[in-house]
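Here the structure comes first, spelled out in C-alpha cells, and everything after it is commentary.
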Amino acid sequence: MSLYYEAAAIINNEAKVGGSLKSRIFGKKDLKSKPAQVFALVIEASKWSIVLKDVIERSGVLEDEKKLTPLLALLLTHDLLLSKSGVAANSNHVLKLSINRHKARLSAEFTKARIRGGFSSVEAFREAINEGNYGESDNSSERTLAHPRWIRVNTLKTTLEEQLATTFAGYTKTEHLKAVLTATGSSKILHIDPNIPSLLALPSKADFAKSLAYTSGKIIFQDKASCFPAYLLNIKPENGTIIDACAAPGNKTTHVAAFSYANAQQHGSDARVIAFERDRKRAMALKKMVNLAGADNIVSIRGGQDFLSTNPSSEEFSQVGALVLDPSCSGSGIVGRDDSLTIHLPSPSSRATPGSRDTTSKNSKKRKRTGNVATENKSTSTAAGENTISLPSSTDAQETEEQEEEPTDSKKDRLQSLSTFQLHILTHAMRFRSATKITYSTCSIHFTENEGVVFRALASDVARKRGWRIMRRKEQVRGMKSWERRGVASGEEMEAVIGREGENEKGKWKGTEEEKKEVLDACIRCQQGTEEGTMGFFVAGFVRDGDKDGEGGYGEEVEAIEEDKEVEEWNGFDDDEVEVESNVVEAPPSNKVIKRDEDIPQAGKKKKRRKNSHL
Ligand SMILES: C[S@@+](CC[C@H](N)C(=O)[O-])C[C@H]1O[C@@H](n2cnc3c(N)ncnc32)[C@H](O)[C@@H]1O
24 MSLYYEAAAI INNEAKVGGS LKSRIFGKKD LKSKPAQVFA LVIEASKWSI
74 VLKDVIERSG VLEDEKKLTP LLALLLTHDL LLSKSGVAAN SNHVLKLSIN
124 RHKARLSAEF TKARIRGGFS SVEAFREAIN EGNYGESDNS SERTLAHPRW
174 IRVNTLKTTL EEQLATTFAG YTKTEHLKAV LTATGSSKIL HIDPNIPSLL
224 ALPSKADFAK SLAYTSGKII FQDKASCFPA YLLNIKPENG TIIDACAAPG
274 NKTTHVAAFS YANAQQHGSD ARVIAFERDR KRAMALKKMV NLAGADNIVS
324 IRGGQDFLST NPSSEEFSQV GALVLDPSCS GSGIVGRDDS LTIHLPSPSS
374 RATPGSRDTT SKNSKKRKRT GNVATENKST STAAGENTIS LPSSTDAQET
424 EEQEEEPTDS KKDRLQSLST FQLHILTHAM RFRSATKITY STCSIHFTEN
474 EGVVFRALAS DVARKRGWRI MRRKEQVRGM KSWERRGVAS GEEMEAVIGR
524 EGENEKGKWK GTEEEKKEVL DACIRCQQGT EEGTMGFFVA GFVRDGDKDG
574 EGGYGEEVEA IEEDKEVEEW NGFDDDEVEV ESNVVEAPPS NKVIKRDEDI
624 PQAGKKKKRR KNSHL
C-alpha cells in the first residue's frame with residue numbers, strides 16, 4: 024500500500040483503534056511507509072487543507088479522476104505542490120499518474136490562492152499557514168476560543184520579571200484573558216494570571232518549545248488547572264517534607280519544589296520533596312524534568328516505587344507534613360492542545376465556475392475558520408457547505424460529555440474501579456503520622472472520581488479517627504479562594520455517597536445540608552472550553568489539627584478494597600500527554616462521534632495491579 028493509501032486509512036481510522044494520531048501511526052505494526060513520513064504528511068496536509076480544498080475544486084481534479092477520493096486528492100496535491108521531494112511514488116504509479124495529469128492547473132490555482140491571500144512568496148504563505156493565521160477572521164469577536172498556551176515561570180531558576188524582560192520582551196500585557204483566547208497565532212500578547220503566581224497565558228500557537236528559556240528549564244508548559252494542587256497546598260515551614268505520591272512526569276513535583284524552596288528561603292528552613300512514581304519508565308521522565316527544572320537538590324525520586332506500599336508510620340516519613348495526590352484518572356477533562364485537527368476536504372462536484380472564482384474573498388483571511396465538526400466515518404458537510412474531517416474541539420468534547428445520556432454500565436464500572444483506587448491513595452495518605460495537609464486532584468470531570476471520592480474519604484475511618492476534614496474555601500490561599508468554579512453534585516450522585524437518615528451505613532458520609540454545601544464549596548473545579556481557558560480539572564484540600572493523632576488503622580473502606588483480590592486500575596491520560604507531548608495530534612475515529620472516554624481503553628494502559636502486600 025502506498026504512503027497515500029496508508030495515510031488515508033489512518034485518517035479514516037479504518038483499523039477502528041483509539042488513541043492519539045501519533046500513537047495510532049507509530050503503534051501500527053504493519054505500516055509499510057515510515058511512520059514519521061505518514062505522520063508528517065497527515066499533519067502538513069491538514070494544515071494546508073484550507074487552501075488545497077479550493078485549489079483542487081477549482082482545478083476540477085475530482086471530476087476528471089473518478090478513482091481519486093477527496094482525501095487522496097488532498098494528500099497527493101499536498102506533496103505535488105508543497106513537498107520538496109514531490110509525490111512519493113514510482114512515476115508509473117496510478118496515483119502519481121492521476122495527480123500529475125493536473126499538475127499545471129493545480130500549480131496555477133495554487134499561485135492564484137497565494138496571490139489572493141496577499142502573500143508575496145510561498146515561504147510567506149507557509150509561515151501564515153504554520154502560525155495558523157490563514158483563514159482567521161480579522162474580527163476577534165468572530166474567532167473561536169482557543170486553548171491558551173499556559174507557561175509557568177520556574178522560580179527555581181528565574182523570576183517572572185526576568186522572563187518578561189527577556190523571553191517575552193516585545194509582548195504586550197493584556198488584562199483580559201479573552202484577548203489571548205481569541206488572538207491570532209502571531210499576536211504578541213500575554214496575560215499574567217491573577218490566580219496562580221508566575222503563570223502566563225499566551226495565544227495557543229505561541230511556540231516557545233525551542234526557546235532557550237524552555238530548553239533550560241526556566242519556563243515550563245503547564246495548564247493553569249494543573250498548577251492548582253501545588254498552590255492550594257500553601258506550603259508553610261511547619262509542613263516539613265512534602266510527598267508527591269503520583270509524580271511523573273513532574274509538573275506538580277517541580278511546582279511543589281518551587282514553593283518549598285521559596286518557603287525555605289523565607290523562613291531559613293529546608294526544602295524537601297519525596298516523589299513517588301510507580302512506573303519505572305515514567306520515573307525516568309520525572310528525573311529528567313526534575314533535573315531540568317533545577318529541583319534535583321530538593322526532590323528525592325522514588326522511581327518504580329508504589330506509594331501504596333509505603334509504611335506511613337515509618338521513621339523515614341516522620342517529617343512528612345503534607346502530600347500532593349494526583350493519581351491516575353479517566354483523563355476526561357484533558358484538552359489535547361492539538362486534538363482539533365481539522366481536514367478540509369474538496370467536494371467532488373464543485374469545480375468553481377468563473378463567477379465563483381471571483382466571489383471568493385479577495386483575501387481568505389477574512390473567511391471565518393470552519394468550526395470543528397464532530398464527524399462520523401464519512402466527512403460531513405458544515406453549514407458553510409464545507410466537507411471536513413475533524414476531532415471535536417475542547418468545547419465539542421465537553422458538549423459530547425454533557426449530551427451523553429446515562430453512562431453505560433461498563434463506563435460506570437470503570438469509573439467505580441478508578442475511584443476505589445483513588446480513595447485508596449487518599450486514605451493511605453491520611454495515615455502519615457505528621458501529615459496535616461493534603462491536596463487531591465484529577466483531570467477528570469466525573470463526580471465519581473472527584474467530589475464522590477472526597478465525600479467517601481471524609482467518611483472513612485482514618486479521616487474520622489485522625490481528624491481530617493475538608494480545607495474550607497475561606498481557609499484557602501487567596502487565588503484559590505477567589506476561583507468561582509466550585510464542586511458540583513446532582514441529587515442522584517450524592518445518594519451514592521451520603522448515608523440515609525437514621526441508618527448507619529459503612530463508608531457513607533453523614534452531615535447536614537449546610538455541611539454538604541460547605542464541602543462542595545471547598546471543592547475546586549475547572550471546566551474545559553470556557554473563557555477561563557483551562558482543561559477540565561478537580562482539586563480539593565484536606566487538613567487536620569496536628570495534635571489529633573488517632574491510630575488511623577486500616578478502616579472499613581480499605582477492608583472493602585482488600586476483598587477484591589485485584590484492584591483494576593486505569594492508568595489514564597496524564598499531564599504529559601498534554602503538556603510534554605504537546606505535539607500529539609488526534610484524528611477522528613472513523614465510525615462514530617467521538618466521546619473522549621471511549622478512546623481511553625485503547626489509548627492508555629490498563630493494568631491489573633496486585634493488591635498491596637502490606638495491607
Ligand atoms: C496523573 S499522573 C501524575 C501527573 C503528575 N502529577 C504531574 O503533574 O506531572 C499519575 C501518575 O501516578 C503514577 N501512579 C499511579 N499509581 C501510583 C502509585 N500507587 N504509586 C506511585 N505512582 C503511581 C502513574 O504511573 C502516573 O505516572
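Residue numbers (my numbering): 24 to 638.
Here a beta-carbon is modelled for each residue, glycine too, at the ideal position from N, C-alpha and C.
| query | Can you tell me whether Ala-31 is buried or exposed, with buried defined as 16 or more other CB within 10 angstroms of its CB? | reply | As a position in the sequence shown, residue 31 is number 8, starting the count at 1. Classification for Ala-31: buried.
| Cβ of Ser-351 within 8 Å of any heavy atom in ligand 1? | Along the sequence shown, one-based indexing puts residue 351 at 328. Checking every heavy atom of ligand 1 against the Cβ of Ser-351, one is found closer than 8 Å.
| message | Assuming contact is defined by CB atoms lying nearer than 9 Å, are Leu-179 and Tyr-284 in contact in what I supplied? | response | In the sequence shown, the residue the question calls residue 179 occupies position 156. In the sequence shown, the residue the question calls residue 284 occupies position 261. Yes. Within cutoff.
| query | To which residues does DSSP link Gly-263 through a beta bridge? | reply | To locate residue 263, count along the sequence shown from 1; it is residue 240. In the DSSP output, where bridge partners are listed per residue, Gly-263 has Val-343.
| query | So the beta strand (DSSP E) Val-476 belongs to, where does it begin and stop? | reply | To locate residue 476, count along the sequence shown from 1; it is residue 453. From DSSP, Val-476 is part of no beta strand (DSSP E) but of the alpha helix (DSSP H) over 474 to 481.
| message | Measuring only the C-alpha atoms, how far is Ser-239 from Gly-273? | response | Stepping through the sequence shown from its first residue, residue 239 is reached at position 216. Stepping through the sequence shown from its first residue, residue 273 is reached at position 250. Each residue's Cα considered, the two are about 16 Å apart.
| query | Below 9 Å between beta carbons: does that hold for Ser-227 and Ala-169? | reply | Along the sequence shown, one-based indexing puts residue 227 at 204. Along the sequence shown, one-based indexing puts residue 169 at 146. Yes. Within cutoff.
| Going by alpha carbons, who is nearest to Glu-67 out of Ser-46, Asp-87 and Leu-105? | Taking the first residue of the sequence shown as position 1, residue 67 is located at position 44. For the residues Ser-46, Asp-87 and Leu-105, the minimum Cα distance to Glu-67 belongs to Leu-105.
| Would you say the beta carbon of Arg-175 comes nearer than 8 Å to a heavy atom of ligand 1? | Working through the sequence shown from its first residue, we reach residue 175 at position 152. It does not: the Cβ of Arg-175 is nowhere closer than 8 Å to a heavy atom of ligand 1.
| query | Any idea what DSSP makes of Glu-80, helix, strand or coil? | reply | To locate residue 80, count along the sequence shown from 1; it is residue 57. Reduced to three states, the DSSP call for Glu-80 is helix.
| Gln-328: which of Val-322, Val-485 and Arg-303 sits nearest, CA to CA? | Working through the sequence shown from its first residue, we reach residue 328 at position 305. Checking every option, the nearest Cα to that of Gln-328 belongs to Arg-303.
| field | Run of the beta strand (DSSP E) containing Arg-325, from where it starts to where it stops | value | As a first step, residue 325 is located in the sequence shown; it is residue number 302 there, counting from the start. Counting along the chain, the beta strand (DSSP E) containing Arg-325 begins and ends at 322 to 326.
| query | Taking the beta strand (DSSP E) that Ile-258 falls in, what are its first and last residues? | reply | Position 235 of the sequence shown, counting from 1, holds the residue named residue 258. Ile-258 -> no beta strand (DSSP E), and no H or E assigned at all.
| Rounded straight-line distance, which links the Cα of Met-517 to that of Ser-56 | The residue given as residue 56 occupies position 33 in the sequence shown. The residue given as residue 517 occupies position 494 in the sequence shown. Rounded to the nearest angstrom, the gap between the Cα atoms of Ser-56 and Met-517 is 52 Å.
| query | In whole angstroms, what is the alpha-carbon distance linking Arg-325 and Val-176? | reply | For the purposes of this step, residue 325 is identified with residue 302 of the sequence shown, where counting begins at 1. For the purposes of this step, residue 176 is identified with residue 153 of the sequence shown, where counting begins at 1. Cα to Cα, the separation comes out at about 26 Å.
| request: Output the distance between the C-alpha atoms of Leu-441 and Leu-331, rounded to the nearest integer angstrom. | output: Position 418 of the sequence shown, counted from the first residue, corresponds to residue 441. Position 308 of the sequence shown, counted from the first residue, corresponds to residue 331. Rounded to whole angstroms, Leu-441 to Leu-331 spans 15 Å at the Cα level.
| ligand 1 heavy atom lying under 8 Å from the CB of Cys-642 | Nothing in the structure corresponds to residue 642, since the chain is present only between 24 and 638.
| query | Do Pro-369 and Val-84 have their C-beta atoms within less than 9 Å of each other? | reply | Translated into the one-based positions of the sequence shown, residue 369 becomes position 346. Translated into the one-based positions of the sequence shown, residue 84 becomes position 61. Yes, the Cβ-Cβ distance between Pro-369 and Val-84 is below 9 Å.
| request: Please determine if the region 123 to 143 and the region 195 to 204 are in contact, where contact requires at least 3 C-beta pairs separated by less than 8 Å. | output: Flag = no, the region 123 to 143 and the region 195 to 204 do not touch.
| C-alpha gap between Thr-462 and Ala-147, whole angstroms | As a working note, residue 462 is residue 439 in the sequence shown. As a working note, residue 147 is residue 124 in the sequence shown. Looking at the two C-alpha atoms, the distance is approximately 48 Å.
| query | For the alpha helix (DSSP H) that Gly-5 lies in, which residues bound it at each end? | reply | It is not possible to answer for residue 5, since the shown part of the chain is limited to 24 through 638.
| query | Cβ of Thr-182 versus every heavy atom of ligand 1: is any distance shorter than 8 Å? | reply | Mapped onto the sequence shown, residue 182 falls at position 159. In this structure, the C-beta of Thr-182 stays at least 8 Å away from each heavy atom of ligand 1.
| Runs of alpha helix (DSSP H) wholly within the region 502 to 542 (minimum 4 residues, chain order) | Complete alpha helix (DSSP H) runs here, min 4: 514 to 520.
| When Trp-71, Ser-121 and Thr-333 are compared against Glu-154, the one with the closest alpha-carbon | By 1-based counting over the sequence shown, the position of residue 154 is 131. Distance check between Glu-154 and each of Trp-71, Ser-121 and Thr-333 places Trp-71 closest, using alpha-carbon atoms only.
| Proximity to Met-494 [Cα-Cα], best of Val-145, Pro-58, Arg-509 and Lys-460 | Here residue 494 is taken as the residue at index 471 of the sequence shown, counted from 1. Closest in alpha carbon position to Met-494, among Val-145, Pro-58, Arg-509 and Lys-460, is Lys-460.
| said: From the DSSP secondary-structure annotation, give me the bridge partner or partners of Val-296. | reply: Residue mapping note: residue 296 aligns to position 273 of the sequence shown, counting from 1. DSSP lists Ile-265 and Val-322 as partners of Val-296.
| query | Just curious, the alpha helix (DSSP H) that Tyr-237 is in, first and last residue? | reply | Numbered from 1 along the sequence shown, position 214 holds the residue referred to as residue 237. Tyr-237 -> alpha helix (DSSP H) spans 235 to 238.
| query | Quick one: is the Cβ of Lys-311 within less than 8 Å of any heavy atom of ligand 1? | reply | For the purposes of this step, residue 311 is identified with residue 288 of the sequence shown, where counting begins at 1. Answer for Lys-311: no, Cβ out of range of ligand 1.
| field | Rounded straight-line distance, which links the Cα of Glu-150 to that of Ala-458 | value | Stepping through the sequence shown from its first residue, residue 458 is reached at position 435. Stepping through the sequence shown from its first residue, residue 150 is reached at position 127. Cα to Cα, Ala-458 sits roughly 53 Å from Glu-150.
| message | If I measure Cβ to Cβ from Lys-310 and keep anything under 6 Å in the same chain, skipping five residues before and after, which residues do I get? | response | Taking the sequence shown and counting its residues from 1, one reaches residue 310 at position 287. Beyond the five residues adjoining it in sequence on each side, Lys-310 comes within less than 6 Å, by CB distance, of Ile-324 in the same chain, given in chain order.
| query | Does the Cβ of Ser-467 have 16 or more other Cβ atoms within 10 Å, making it buried, or fewer, making it exposed? | reply | Position 444 of the sequence shown, counted from the first residue, corresponds to residue 467. Buried is the call here.
| Bridge partners of Trp-173, per DSSP? | Within the sequence shown, numbered from 1, the residue matching residue 173 stands at position 150. Per DSSP, Ala-224.
| Is the Cβ-Cβ distance between Ile-242 and Thr-277 less than 9 Å? | Sequence index remark: in the sequence shown, residue 242 carries index 219 (1-based). Sequence index remark: in the sequence shown, residue 277 carries index 254 (1-based). No, these two residues do not count as a Cβ contact at 9 Å.
| field | Nearest-angstrom Cα separation, counted from Gly-522 out to Gln-550 | value | Indexing the sequence shown from 1 puts residue 550 at position 527. Indexing the sequence shown from 1 puts residue 522 at position 499. Gln-550 and Gly-522 have their alpha carbons spaced roughly 29 Å apart.
| Cβ of Val-347 versus every heavy atom of ligand 1: is any distance shorter than 8 Å? | What you label residue 347 is simply residue 324 of the sequence shown in a count that begins at 1. Yes, ligand 1 has a heavy atom inside 8 Å of this Cβ.
| request: Just tell me which of Ser-249, Phe-444, Thr-190 and Asn-527 has its CA closest to the CA of Ala-480. | output: Residue 480 sits at position 457 when you count from the first residue of the sequence shown. Out of Ser-249, Phe-444, Thr-190 and Asn-527, Phe-444 has the C-alpha closest to the C-alpha of Ala-480.
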